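Here the structure is laid out as structure tokens; the discussion comes afterwards.
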Amino acid sequence: MRVGIVCPYSFDAPGGVQFHVRDLAEELIRRGHTVSVLAPAEDSTPVPDYVVSTGRTVAIPYNGSVARLNFGPVVAGRVRRWVEQGDFDLLHIHEPMIPSLSMLALWVADGPVVATFHTSMERSRALQAISPVVVPMLEKITGRIAVSEEARRTLVQHLGGDAVVVPNGVYVDRFAGAARRPEWEGTDERPTVAFLGRLDEPRKGLPILADAVGPVLAEIPGARFLVAGRGEAAQERAALARYGDAVTFLGGVSDEDKASLFASVDAYVAPQTGGESFGIVLVEAMSGGSLVVAADIPAFQAVLDGGRLGRLFSRGDPLSLARTLVEVLGDRAGTAPVRERAATAVRRYDWSTVTSQVLAVYDMVLSTAHARVSEDPRSRTMFARLRAATQAVTGGGQAATGGNNQATPDGGTQATPAGGTRADRTSAARASGTEPVAGGEEPSWS
1 MRVGIVCPYS FDAPGGVQFH VRDLAEELIR RGHTVSVLAP AEDSTPVPDY
51 VVSTGRTVAI PYNGSVARLN FGPVVAGRVR RWVEQGDFDL LHIHEPMIPS
101 LSMLALWVAD GPVVATFHTS MERSRALQAI SPVVVPMLEK ITGRIAVSEE
151 ARRTLVQHLG GDAVVVPNGV YVDRFAGAAR RPEWEGTDER PTVAFLGRLD
201 EPRKGLPILA DAVGPVLAEI PGARFLVAGR GEAAQERAAL ARYGDAVTFL
251 GGVSDEDKAS LFASVDAYVA PQTGGESFGI VLVEAMSGGS LVVAADIPAF
301 QAVLDGGRLG RLFSRGDPLS LARTLVEVLG DRAGTAPVRE RAATAVRRYD
351 WSTVTSQVLA VYDMVLSTAH ARVSEDPRSR TMFARLRAAT QAVTGGGQAA
401 TGGNNQATPD GGTQATPAGG TRADRTSAAR ASGTEPVAGG EEPSWS
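Its first residue numbered 1, the sequence shown is counted upward by one per residue in full-length UniProt numbering.
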């Protein structure tokens, strides 16, 4: 079949949704399907042949993280052309609830549509405010997928309806068969612990780990901590620097090095404070053989089966994390049964299984479809309503999350970069609902 997949987040920066879209597309292609992925990306960013770029993006705070999105009339035109020329049997849209490429595609398209919901959030004033416009649009979706029960709960809570849960996928054997790196391997006297995540995103929990290192070293002086990920985090780096060679910063790591890291260390720590709907990195770590020590947020409790497949500590509590690490690092042999259970359990997340589940949803949707994907003739007037609703929520300004997008002579866009003038950044912030308001709240799309 011919499948069009829409990714709202930029391929310029790695992220969970981008990896999910990439891996699903490649698995579908391996099974003989024709796939085109529509996603934002800079012209200079190398992307696979199956990716069609919609241009540059602007960084927007979203759900405790930073998303790179584009959204506006010029981008809508590109989406329309992609839909018209794609001749798709089915459209698969990711994250249609946020003003992004995915929402535009849902407005533009008519026909068989599957949507995957990745996000977990407690509340969303913006979504509630625009729900009169968004909910009718979501009725165009004929198959709904949530990557976890947490993502499903968010969908039901904010927009109603329901979804089948199909988890994120992992190529389990790539992690299980990864080469070990001697410099990362631990011993009884010098066990190793890995952290992987954006260093400058507080919700990823590096400050929690930084406060736990001292108590761990007091009990296990030879313990080593390997910190992988991009971002500055000057305060945390300074706090960890006082431990000397007990802490090593690896910087950003490749997919190959990530797999080797998980195959080599004794434990992987996930101290996230919230905002996670699944926890794909936990599955990757378990696939590689690491014992996972994770915060007891709902998404991680689900992946670790309440602690059967790893160890849980109290969210946001460095001393609880330290106690748990001391326990598992001091009894490496005793954790073997946990690792064995985890190695078996992760098979259900392998892309061979997950892709079959996604295809089952496709088959269900196509069994009741009466036409292929085409342009919805109502889309031009509906987009005007969406822009008006977005402006009402964000306090006016330009309803385009791609900055000051303007048409150029060649039909492209000229977007103000994130590092533009204060007025430029304020305009983009207003457009996305992220301009700071009185009281210090951040009214982003979370």
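The C-beta atom is built at its ideal place from N, Cα and C for all residues, glycine as well.
In this text, all values refer to a predicted model and were calculated from it rather than measured experimentally.
Quiz item: Which partner residues of His-94 appear in the DSSP bridge assignment?
Solution: Sequence index remark: in the sequence shown, residue 94 carries index 94 (1-based). Note: His-94 sits in a beta bridge opposite Thr-116.
Quiz prompt | Residue from Leu-199, Phe-249, Arg-56 whose Cα sits closest to the Cα of Asp-43 | solution = Taking the sequence shown and counting its residues from 1, one reaches residue 43 at position 43. For Asp-43, the nearest C-alpha among the options comes from Arg-56.
Quiz item: Where does Gln-18 sit, in a helix, a strand or coil, going by DSSP?
Solution: The residue labelled residue 18 in the question sits at position 18 within the sequence shown. Correct three-state label for Gln-18: helix.
Practice problem: Work out the CA separation of Arg-224 and Ser-290 for me, nearest whole Å. | Solution: Taking the first residue of the sequence shown as position 1, residue 290 is located at position 290. Taking the first residue of the sequence shown as position 1, residue 224 is located at position 224. Using only the alpha carbons, I get a separation of about 15 Å.
Quiz item: What is the residue span of the alpha helix (DSSP H) that Thr-324 lies within?
Solution: In the sequence shown, the residue the question calls residue 324 occupies position 324. Note, Thr-324: alpha helix (DSSP H), 318-329.
Self-check item: Nearest neighbour of Gly-186, chosen from Arg-203, Ala-210, Gly-222, Ala-163 [CA to CA]
Solution: Here residue 186 refers to the residue found at position 186 of the sequence shown. Answer by Cα proximity: Gly-222.
Quiz item: Out of curiosity, what's the CA-to-CA distance linking Ser-320 and Ala-105?
Solution: As a working mapping, residue 320 is identified with position 320 in the sequence shown. As a working mapping, residue 105 is identified with position 105 in the sequence shown. Roughly 45 Å separates the two Cα atoms.
Quiz item: Which whole-angstrom value describes the C-beta separation of Gly-143 and Val-365, a residue pair presumed to lie in contact below a C-beta threshold of 8 Å?
Solution: Here the question's residue 143 lines up with position 143 in the sequence shown. Here the question's residue 365 lines up with position 365 in the sequence shown. Yes, they are in contact, since the Cβ atoms of Gly-143 and Val-365 sit about 4 Å apart, within 8 Å.
Quiz item: At what residue ranges does the region 170-238 contain a whole run of the beta strand (DSSP E), taking only runs of 3 or more?
Solution: 192-196, 224-228
Self-check item: Beta-carbon proximity list for Gly-419, same chain, < 7 Å, skipping 5 on both sides
Solution: For this step, residue 419 is matched to residue 419 along the sequence shown. Here Gly-419 scores only 38 on pLDDT, less than 50, and its place in the model should not be relied on; the value that follows carries that caveat. If we look at Gly-419 and ignore the five residues flanking it on each side, it has no Cβ neighbours.
Quiz prompt | Helix, strand or coil at Gly-412 [DSSP, three-state] | solution = The sequence position of residue 412 within the sequence shown is 412, counting from 1. Confidence at Gly-412 is low in this model, with a pLDDT of 36, below 50, so the placement of that residue is unreliable and no value is reported for it.
Quiz item: Excluding five sequence neighbours on each side, which residues of the same chain lie with their C-beta closer than 7 Å to the C-beta of Ala-211?
Solution: For this step, residue 211 is matched to residue 211 along the sequence shown. Position check: residue 211 holds Asp in this sequence, whereas Ala was assumed. Excluding residues within five positions, the ones whose Cβ falls inside 7 Å are Pro-318.
Quiz item: Where do the N-terminal and C-terminal ends of the beta strand (DSSP E) with Tyr-362 fall, by residue?
Solution: Looking up residue 362 in the sequence shown gives position 362. That residue, Tyr-362, is in no beta strand (DSSP E); its alpha helix (DSSP H) goes 351-367.
Quiz item: Start and end of the beta strand (DSSP E) containing Arg-2?
Solution: Within the sequence shown, the letter at position 2 stands for residue 2. First-last of the beta strand (DSSP E) with Arg-2: 2-6.
Exercise. With DSSP as the reference, please indicate the residues paired to Asp-110 in a beta bridge.
Key: By 1-based counting over the sequence shown, the position of residue 110 is 110. In the DSSP output, where bridge partners are listed per residue, Asp-110 has Ser-374.
Self-check item: Range of the contiguous beta strand (DSSP E) that encloses Val-47
Solution: Along the sequence shown, read from residue 1 onward, the residue named residue 47 stands at position 47. Looking at the DSSP string, Val-47 is not in any beta strand (DSSP E), and its letter there is neither H nor E.
Quiz item: What number of angstroms, rounded off, separates the C-alpha of Leu-28 from the C-alpha of Arg-242?
Solution: Here residue 28 is taken as the residue at index 28 of the sequence shown, counted from 1. Here residue 242 is taken as the residue at index 242 of the sequence shown, counted from 1. Roughly 48 Å separates the two Cα atoms.
Quiz item: Does DSSP classify Ser-277 as helix, strand or coil?
Solution: Residue mapping note: residue 277 aligns to position 277 of the sequence shown, counting from 1. Coil, per DSSP.
Self-check item: Inter-stretch contact (C-beta, 8 Å, three-pair minimum) for the region 340-348 and the region 280-294
Solution: yes
Quiz item: Quick one, are the C-beta atoms of Leu-196 and Gly-229 less than 8 Å apart?
Solution: Here the question's residue 196 lines up with position 196 in the sequence shown. Here the question's residue 229 lines up with position 229 in the sequence shown. It is a contact, given that the beta carbons lie within the stated cut-off.
Quiz item: Sorted by chain position, which residues of the same chain lie with C-beta nearer than 8 Å to Glu-375's C-beta, five sequence neighbours on each side aside?
Solution: Position 375 of the sequence shown, counted from the start, is the residue given in the question as residue 375. Cβ within range, chain order: Arg-80, Val-83, Glu-84, Val-108, Ala-109, Asp-110.
Quiz prompt | Between the CA atoms of Trp-351 and residue 459 - distance to the nearest angstrom | solution = With the chain running from 1 to 446 in the structure shown, residue 459 is simply not present.
Exercise. With a cut-off of 8 Å on the beta carbons, I'd call Ser-314 and Asp-296 a contact; round off their distance for me.
Key: For the purposes of this step, residue 314 is taken as residue 314 along the sequence shown, with counting starting at 1. For the purposes of this step, residue 296 is taken as residue 296 along the sequence shown, with counting starting at 1. Contact flag correct, Cβ pair sits at about 6 Å.
Quiz item: Applying the criterion that 16 or more other CB atoms from any shown protein chain within 10 Å of the CB defines a buried residue, is Arg-31 buried or exposed?
Solution: Translated into positions along the sequence shown, residue 31 becomes position 31. So Arg-31 ends up on the exposed side.
Practice problem: Let me know if residue 491 comes out buried or exposed under the rule of 16 or more other beta-carbons within 10 Å of its beta-carbon. | Solution: Residue coverage of the chain in this structure runs from 1 to 446, which leaves residue 491 outside it and unanswerable.
Practice problem: With a cut-off of 8 Å on the beta carbons, I'd call Pro-167 and Val-354 a contact; round off their distance for me. | Solution: Counted from its first residue, the sequence shown places residue 167 at position 167. Counted from its first residue, the sequence shown places residue 354 at position 354. Confirmed, Cβ separation roughly 6 Å.
Self-check item: Exposure label - His-94; buried when at least 16 CB within 10 Å
Solution: Locating residue 94 in the sequence shown gives position 94, counting from the first residue. Looking at its Cβ environment, which holds 16 or more other Cβ atoms inside 10 Å, His-94 is buried.
Quiz item: Given a threshold of 16 other Cβ atoms within 10 Å of its Cβ, counted over all protein chains shown, does Glu-232 qualify as buried or as exposed?
Solution: Taking the sequence shown and counting its residues from 1, one reaches residue 232 at position 232. Per the 10 Å Cβ criterion, exposed.
Quiz item: Distance, Cα to Cα, Ala-178 vs Phe-11?
Solution: On the sequence shown, residue 178 is found 178 positions in, with the first residue counted as 1. On the sequence shown, residue 11 is found 11 positions in, with the first residue counted as 1. If you take the alpha carbons of Ala-178 and Phe-11, they lie about 25 Å apart.
Quiz prompt | Contact belief for Ala-246 with Leu-217 at Cβ below 8 Å, rounded distance in angstroms | solution = As a first step, residue 246 must be located in the sequence shown, where it is residue number 246. As a first step, residue 217 must be located in the sequence shown, where it is residue number 217. Ala-246 to Leu-217, Cβ: 6 Å. Contact.
Quiz item: What are the boundary residues of the beta strand (DSSP E) that Gly-270 is part of?
Solution: For the purposes of this step, residue 270 is identified with residue 270 of the sequence shown, where counting begins at 1. Strictly speaking, residue 270 in this sequence is Ala, with Gly absent from that position. 267-270 is the span of the beta strand (DSSP E), which, as asked, contains Ala-270.
Quiz prompt | Ala-25 vs Val-37 beta-carbon contact at 8 Å | solution = For the purposes of this step, residue 25 is identified with residue 25 of the sequence shown, where counting begins at 1. For the purposes of this step, residue 37 is identified with residue 37 of the sequence shown, where counting begins at 1. A contact, by the Cβ cut-off of 8 Å.
Practice problem: Determine, using beta carbons only, whether Leu-101 and Val-135 come nearer to each other than 8 Å. | Solution: The residue given as residue 101 occupies position 101 in the sequence shown. The residue given as residue 135 occupies position 135 in the sequence shown. The answer is no: Cβ separation not under 8 Å.
Practice problem: Could you spell out the range, first to last residue, of the beta strand (DSSP E) harbouring Val-79? | Solution: Within the sequence shown, residue 79 is the residue found at index 79, counting from 1. Careful: Val-79 lies outside any beta strand (DSSP E), inside the alpha helix (DSSP H) at 73-86.
Quiz item: With a CB to CB cut of under 7 Å and the five nearest residues on each side skipped, what residues in its chain are close to Val-165?
Solution: The residue given as residue 165 occupies position 165 in the sequence shown. Contacts found: Ala-146, Ser-148, Glu-149, Arg-152.
Quiz item: Beta carbon of Gly-274, beta carbon of Ala-294: below 8 Å?
Solution: Translated into the one-based positions of the sequence shown, residue 274 becomes position 274. Translated into the one-based positions of the sequence shown, residue 294 becomes position 294. Cβ atoms of Gly-274 and Ala-294: not closer than 8 Å.
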